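Residue numbers (the working numbering): 272 to 1392.
Don't be surprised by glycine CBs; every beta carbon is placed ideally from N, CA and C.
The structure displayed is predicted, hence computed values, not measured ones.
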């Protein structure tokens, strides 16, 4: 532990005013004031670099761009492969594991080693991988890279260690799963087909062993050729040549017939007794037309043929609809007896799989459910009920129901908030689900000891908000709020006005939530803010609407040079607009020419509305169009329930609203906030030259947020100096290729500091705001309510406020806002404020304790607001008055001592990149500053000394989506949107990394493999018992020899200790299984020995009695008996 001391004696003074810091230092201490100033800051820091380690914890949501599906019928776990090389393994709720192939190649196919705790993945780079699932974090044990052939299909028979691999050339190779090497046994395509065939049969699209005889392998080629290969005899039993291309094959469990699906939308049934032609051809969705011909149908991409003891077989397939029905949704068809049920899906079907009771392919299958993997959803259909209902999905697969546009993460929430939100949200759940339990129920998961209430909030493009319970590294939706219900449906205009209407006018840009007071605030893309209060009661309410004119006015100010780009800093409105209910305004209102003026983008409902329990809208604030200019998007927001105030800003200025009295207290341009204390000398000019470009830039569709090939959009963390200020640059941006666009979207470039960009553009945005008790001036003796304002030019302003303390006065007397006090300076746009007391402890913002606004009032008892304050002076008995202010910008962090405004510590975070997100967070009973940079680095700095504790290059490439959704929270956790459909949670705490194994679920649970059904004496003797087939004897090196070394390359598992541990655990698992098998065998042998001994005793007894009887009867004559 170290003690950091900063002696304040003898500090030099700056300019006579003493309030403006020099740009080089960022701040200078003023002259000693009458206020008691601590002579020495004595903070004992406890955090060291050993407290920090970065690792991924869990990934939530639907796997992005899924490609493959597999299910273990004994372990009851499901695996989903994706195009980016990811594998998600799902079991019972809480059992959710994400694995990633290092190559990033798409997963083509997945095969479980059923009940063995292992998974084989085949990837698009023609590599097979064996994953060990007997550990909480699966790892690759072996890989096999094919060099000369491309993998198209894999098949692993149940309880076999030999994997069949079909290739694009039509060959079939065999891989030993244990050693992961190729067998010398190969089925070449030219041997499989007849020599007289002149054309290549195409890639292998299907492989399966016959249920009747494991020594027979059915090979399906894309062209329509099917071959049954006798593995023992190394010859073809039969060959089928069909005109239509084959997509899939499904066996009847008796092994006497099979079904194929074809590219013309037909299903063919084949009998092994006669393979010259199919004995049945059906077009399930092809009707006969008037001229007698069948309708042309789309391909049936997959078919499954499953038998049932109690009913007709199930024939399940995807596709096959007729072409003439344009616009029909993708379908899954279930044929059961004479009934045909067509299930329409919301998204294209990627893969489906019937879940059956038995893992043996030669027994009656008894399907009980169908898992359907869609492009953006996972559905499980219950086959045991005639109406085929779907199961309620326990996983959070609908994070992306509407594109996620912002996130917020709250750890250590009040413990009562999660049950309350859940009880409100449960009333709005959908009904009609299957009553049976979710069938994917494998693995084990228990609630670990390292848990506390956590909530994740996601904002979406359609204006909806979702609250998620994120405790104990799970994710469950609690409550959904639709902000669009506050507004009337927008009407489309004509001409240019129609072009400027947002595709998603209600899209959420940022949220602010106070869990203690339960006040919730959202900012939308149409420059609107909605304030919500939480109530357990429904109510009739009329929403109050305030309209704010926060825009540069048009003034004919002639700039010194037409070539200079210096935007105007005129006051948006000298008088604060008075609160009023929103009046209906047509697009043509405002001016005779039909230019929009003094109207908002959206129309609030101006009638009484019935609102259900939960979050209820109380106030809507909207920025107005000004003289044909749309309002600039809001870039910063803060709300304080104790003060009853809400502050927001954009690139034009700042506004403060009293939401208790529903009045606007302040509406001012950024330049006017400075008064005479502006650190920059600026020249004003009229902003009207680039009206069109500004309009188009502000009103872009938000549904294009994360598309790589779309135009860049403004985001709150970007310096406004980045934005193009002329039409030519916007046109150039539009003409970029998708490649260059995606390159632009990676934030890996460097930017000039905001200070140096003053020459180009002096438009200054409000980038961050925070209410708190502080000292606005050096002469202040006691802390007062203040608003800390940070701008895109690295300037920090303190605005003091006078708030009536009495409850009745608070509702009647106005809140007064004084002229701005301190002006502090940093490099780069200001991102975050944090406040510490002089002992280094975090000072929380004051808040109001929640009370239900719609609860029935008690006439005998006056309802009072209960406020909780955390004054900086409350714990300063030892070191006097004052507190520490932590300010972080894109480039550097500084710690100031208030009220003297002395800069105690400075740390330049980055020179080549810039900080995207920064937060003062609590970790290990202490506090630190956590930063996420555009170059992918995650850093932590100690407080107050700003000593680097951790700096890890976590993400090599940061795109717009990650940058916009990355957020830190207490407890050493963070999250971001790793894909448009998935939330990735990470931890930077060593303690949580150590406890992670305990928190994760177990994928593998030791389960006894179900015994095969007794086939009967005669069937076993004469029915071609499959168990007599010895693959080892056929495919082993002794019989088949070694495969060509150039054909495939074996790659051992992960290097280093981790790989050794994985291998060791695999070996231990193998040994354990061998030991269990030996124990079982020994037990059976023991039982057999006991039975043999009993039989021998019985035989000896019989022999003895027989001998005695013989002696007794030896001398008797026959007539004496």
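Query	Result
Between which two residues does the beta strand (DSSP E) carrying residue 694 extend?	Not the beta strand (DSSP E): residue 694 falls in the alpha helix (DSSP H), residues 688-697.
Should residue 611 go down as buried or exposed, given a rule of 16 or more other Cβ atoms within 10 Å for buried?	exposed
Taking the alpha-carbon positions, what's the residue 544 to residue 460 distance?	24 Å
Return the CA-CA distance between residue 910 and residue 1077, expressed in angstroms with no decimal places.	20 Å
Could you tell me how far apart the beta carbons of residue 360 and residue 1274 are, in whole angstroms, since I believe they sit closer than 8 Å?	6 Å
Flag this pair as yes or no: are the beta carbons of residue 371 and residue 339 separated by less than 7 Å?	no
Closest by CA to residue 451, which one among 494, 392, 487 and 438?	392
Candidates 1185, 619, 382 and 1173: which alpha carbon is nearest residue 1063's?	1185
Express the C-alpha separation of residue 1071 and residue 1056 in angstroms, rounding to a whole number.	6 Å
Could you check the C-alpha separation between residue 790 and residue 941 for me, to the nearest Å?	27 Å
With C-beta atoms as the reference, is residue 395 less than 7 Å away from residue 410?	no
How would you write the range of the beta strand (DSSP E) that residue 1267 sits in, first residue to last?	That residue, residue 1267, is in no beta strand (DSSP E); its alpha helix (DSSP H) goes 1261-1270.
Less than 7 Å separating the beta-carbons of residue 724 and residue 809?	no
As an exercise, report each continuous alpha helix (DSSP H) stretch of at least 4 residues that is fully enclosed by the segment 428-490, in chain order.	460-463
Let's test the definition: count the other Cβ atoms within 10 Å of the Cβ of residue 1384 and tell me whether it reaches 16, buried, or not, exposed.	exposed
Write down every uninterrupted run of the beta strand (DSSP E) in the segment 598-633 whose length is 3 residues or greater and which is fully enclosed by it, in chain order.	602-607, 610-615 and 620-627
In whole angstroms, give me the CA-to-CA distance for residue 1136 and residue 1119.	7 Å
Does the pairing of the segment 1187-1201 with the segment 1240-1257 give three or more beta-carbon distances under 8 Å?	yes
When the distance is taken between beta carbons, is residue 908 closer than 7 Å to residue 919?	yes
Measure the C-alpha to C-alpha separation of residue 1397 and residue 473 and round it to an integer number of angstroms.	The question about residue 1397 has no answer here: the residues shown for the chain are numbered 272 through 1392.
From this set, 880, 646, 1067 and 448, which residue's C-alpha is nearest residue 353's C-alpha?	646
Near residue 454, which residues of its chain fall below 8 Å by C-beta distance, leaving aside the five closest residues on each side in sequence?	433, 444, 445, 446, 447, 1306, 1307, 1308, 1311 and 1314
Flag this pair as yes or no: are the beta carbons of residue 709 and residue 638 separated by less than 7 Å?	no
Whole-angstrom Cβ separation of residue 1280 and residue 403, contact assumed at under 8 Å?	Their Cβ separation, rounded to whole angstroms, is 19 Å, which puts residue 1280 and residue 403 out of contact at 8 Å.
In whole angstroms, what is the alpha-carbon distance linking residue 368 and residue 408?	7 Å
Please determine if the segment 551-558 and the segment 524-541 are in contact, where contact requires at least 3 C-beta pairs separated by less than 8 Å.	yes
Can you pull the DSSP bridge partners for residue 1157?	1105 and 1166
If you count every other CB in all the chains shown that lies within 10 Å of the CB of residue 1381, and 16 or more means buried, which is it?	exposed
Taking residue 1110 as the reference, which of 1158, 1215 and 1067 has the closest Cα?	1215
Does the beta-carbon of residue 1225 have 16 or more other beta-carbons within 10 angstroms, so that it is buried, or is it exposed?	buried
State the DSSP-derived secondary structure class of residue 742, mapped to helix, strand or coil.	helix
Just tell me which of 1316, 511 and 515 has its CA closest to the CA of residue 465.	511
Could you tell me the boundaries of the alpha helix (DSSP H) in which residue 270 lies?	This structure leaves residue 270 out entirely; the chain is present only between 272 and 1392.
Please classify residue 811 as buried or exposed, where buried requires at least 16 other C-beta atoms within 10 Å of its C-beta.	exposed
Taking its Cβ as the centre, do 16 or more other Cβ atoms sit within 10 Å of residue 481, making it buried, or is it exposed?	buried
With H, G and I counted as helix, E and B as strand and the rest as coil, what does DSSP make of residue 413?	strand
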